[in-house]
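Data first, discussion second: the structure below is written as structure tokens.
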Amino acid sequence: MIVLDWLAAIGRYLREGIAQLGFATRFFFHLLGMTPGALRRPGLISEQTHFIGNYSLVIIIVSGLFVGMVLALQGYHTLNAYGAEQKLGEVVAAALLRELGPVVTALLFAGRAGTSLTAQIGLMKAGEQLSAMEMMAINPIQRVLAPRFLAGIIALPVLATIFSAVGVMGGWLVGVKLIGVDEGAFWSQMQANIDVQADVINSVIKSFVFGIAVTFTALFQGYFAQPTPEDVSRATTRTVVIASLMVWGLDFVMTAIMFNK
Amino acid sequence: MHRKSVDVWVGLFVLLGLAALLFLALKAGNMSTLSFGNTYLVTAKFDNIGGLKPQAPLKSAGVVVGRVGDIKFDSKTYQALVTLELEAGYKFPKDSSLKILTAGLLGEQYIGIEAGGDTNNLVNGDRIARTSSATVLEDLINQFIYSKAAEGKQEESK
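These protein sequences, in sequence, are chains A and B. For the first sequence, my numbering assigns the number 1 to the initial residue and increments by one for each residue that follows. For the second sequence, my numbering assigns the number 262 to the initial residue and increments by one for each residue that follows.
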């Protein structure tokens, strides 16, 4: 009989999960419908972009620099074994543009901006600010959520591009200045083999999709958290976990579509 | 709508992103070698194009003078029909010849064009008649094996 209870629990858990997924999808389209209205107040979007984007710059730039430097170090040792250290520039740029730039930026963004968004909206809900807005006939989704959503999808591609560019510079610093790879070979191999359409544009597309996924997850978890301090903190954890999983899943799908020659 | 001080920071943020994108496109990518100038089209038929891909460079004396455009198959003559985009500034005589070469030992394949001696130049829509195909590694190996076998037979019959 315990087994039956157990099976019932699994079934209930699954059904709730699927219902939650459907609810989230419906809310996503509702939020999309609110965005044209939010565009009428660009000041709000600008403020949120500052909050989400500018304040993430330090961690993105430092992470980008170090990822680029580590890639150059690790890549050099393996390439040197095959006498192909001239290709170091190409390896660093390809790894950053195709995968690490969008994905690592999205994960850092989920951790930094995603949690702060969830906490902010959760606390607004706990402090009954959102209900107060509804009392004044202001749509809280249009006034509070939509500007943050737009700010997120603007900020993430910008941050990912900065990450990749700084990473390439970090790779140059370690590869050319520290290790001594030929500078001309470093840049010319990179330029010959990194295609602007296939790599740079795809990187921007990927980070745009990640921006949608991470920002929406953060807003959703914050908006529907229980208005208690414990649930707000649990919601921030959920944001990071769910956003990270979505990023990995979407990354795999997009890589398979984009880099499938 | 009045300006806020935060606008400056956000503007700088977006500008930094655009600068990064420009840096990646120009320095890290192949944008600086993409020519947006005028090109004229010329076609050529090859028996075997080997590993030639679209957008492969067309070089003369080692300098890029154009790109490979379309690669199609002519089902009447069973040859590959390659469309070449030559940059408008470079003129070649009508009897120029084309060869498919490899950059380095196992590198990417490109087309080398050698000028002929004709006084008339190629124009848009012309067909280049003199082409030689790519060297296929397997054929080279077969040739080598047969020549060694023939040498061996010669030695025996002596």
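Don't be surprised by glycine CBs; every beta carbon is placed ideally from N, CA and C. Only a predicted model underlies this, so the values are computations on that prediction, with no experimental measurement involved.
May I ask you to list the residues that DSSP assigns as paired with residue i?
| i | result |
| --- | --- |
| residue 334 of chain B | B:341 |
| residue 374 of chain B | B:359 |
| residue 66 of chain A | Looking at the DSSP assignment, residue 66 of chain A forms no beta bridge with any residue, so it has no partner. |
| residue 329 of chain B | B:345 |
| residue 420 of chain B | Absent from the structure is residue 420 of chain B, since the part of chain B shown begins at 262 and ends at 419. |
| residue 231 of chain A | Answer is none; residue 231 of chain A lacks a bridge partner. |
| residue 319 of chain B | B:327, B:372 |
| residue 391 of chain B | B:358 |
| residue 237 of chain A | BP columns for residue 237 of chain A are empty, so no partner. |
| residue 301 of chain B | B:347 |
| residue 307 of chain B | B:341 |
So residue i and residue j are in contact, right, with Cβ under 8 Å, and what is the actual spacing, rounded?
| i | j | result |
| --- | --- | --- |
| residue 148 of chain A | residue 105 of chain A | In fact, because the Cβ distance is near 18 Å, the residues do not count as touching under 8 Å. |
| residue 218 of chain A | residue 78 of chain A | Contact doesn't hold; Cβ gap of about 37 Å is too wide. |
| residue 96 of chain A | residue 68 of chain A | 7 Å |
| residue 204 of chain A | residue 161 of chain A | 7 Å |
| residue 300 of chain B | residue 347 of chain B | 6 Å |
| residue 129 of chain A | residue 37 of chain A | About 19 Å separates the two Cβ atoms, so there is no contact after all. |
| residue 163 of chain A | residue 43 of chain A | That belief does not hold up - the Cβ atoms of residue 163 of chain A and residue 43 of chain A are roughly 28 Å apart, past 8 Å. |
| residue 421 of chain B | residue 310 of chain B | Coverage of chain B is limited to positions 262 through 419, which leaves residue 421 of chain B absent and any answer about it impossible. |
| residue 73 of chain A | residue 174 of chain A | 6 Å |
Between the alpha carbons of residue i and residue j, how many angstroms are there, rounded?
| i | j | result |
| --- | --- | --- |
| residue 123 of chain A | residue 232 of chain A | 7 Å |
| residue 303 of chain B | residue 374 of chain B | 12 Å |
| residue 409 of chain B | residue 192 of chain A | 40 Å |
| residue 361 of chain B | residue 386 of chain B | 21 Å |
| residue 48 of chain A | residue 27 of chain A | 21 Å |
| residue 270 of chain A | residue 165 of chain A | Given that chain A is displayed from residue 1 to residue 261, the structure contains no residue 270 of chain A and the question cannot be resolved. |
| residue 53 of chain A | residue 46 of chain A | 10 Å |
| residue 185 of chain A | residue 90 of chain A | 10 Å |
| residue 206 of chain A | residue 102 of chain A | 6 Å |
| residue 20 of chain A | residue 120 of chain A | 22 Å |
| residue 234 of chain A | residue 201 of chain A | 36 Å |
| residue 275 of chain A | residue 225 of chain A | Lying before the first or after the last residue shown, residue 275 of chain A is absent from chain A, which here runs from 1 to 261. |
| residue 267 of chain B | residue 5 of chain A | 57 Å |
| residue 351 of chain B | residue 344 of chain B | 16 Å |
| residue 315 of chain B | residue 156 of chain A | 33 Å |
| residue 61 of chain A | residue 282 of chain B | 14 Å |
Ignore the nearest five residues each way along the sequence and tell me which others in residue i's own chain have a CB closer than 6 Å to its CB.
| i | result |
| --- | --- |
| residue 133 of chain A | 140 |
| residue 125 of chain A | 227 |
| residue 151 of chain A | 45, 48, 49, 52 |
Can you give me the Cβ contacts of residue i inside the same chain, cut-off strictly under 7 Å, excluding the 5 residues immediately before and after it?
| i | result |
| --- | --- |
| residue 24 of chain A | 220 |
| residue 337 of chain A | Since the first residue shown for chain A is 1 and the last is 261, residue 337 of chain A is missing from the structure and cannot be characterised. |
| residue 246 of chain A | 213, 217 |
Say whether the segment 303–316 of chain B touches the segment 270–286 of chain B, bearing in mind that this needs 3 or more beta-carbon pairs closer than 8 Å, one atom from each stretch.
no
Please confirm if the segment 398–409 of chain B is in contact with the segment 327–346 of chain B, defined as three or more CB-CB distances below 8 Å between the two stretches.
no
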